[in-house]
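Heads up: the structure comes next, in structure tokens.
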């Protein structure tokens with residue numbers, strides 16, 4: 054997720070095609086976050102909480118950067134917080 058977040062941050066440049074990365078990631082991120090929830094289920098409560106917190110922090114950063122629509126980022130947050 055950290056690498057993905059770095060790519061998303063750099064996709065805000067004005068170079069042609071940079072926004073393509075955001076569109077491609079937006080298609081895959083819901084499944085990625087579903088997988089993060091599955092991984093959390095196999096961790097200790099403390100480890101799961103730390104992973105969820107780090108993941109939520111990234112989603113909040115993407116919101117601040119206006120990387121995705123607010124509705125999309127709320128959906129990712131809801132996925133992480135549903136359990």
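Residue numbers (the working numbering): 54 to 136.
Even glycine gets a Cβ: it sits at the ideal position worked out from N, Cα and C.
The model shown is predicted, which means the values in this text are computed figures rather than measured ones.
- prompt: For the 8 Å Cβ check, are there 3 or more pairs between the segment 72–83 and the segment 94–101?
  reply: no
query: Any idea if residue 56 is buried or exposed, counting beta-carbon neighbours within 10 angstroms, 16 or more meaning buried?
result: exposed
query: Do you know whose CA, among 64, 112, 117, 120, lies nearest residue 134's CA?
result: 112
field: Same chain, Cβ closer than 7 Å to residue 126, neighbours up to 5 away in sequence not counted
entry: 112, 115, 116
query: Quick one: Cα of residue 209 to Cα of residue 85, how far?
result: The displayed coordinates of the chain run from 54 to 136. Any statement about residue 209 would go beyond what the structure contains.
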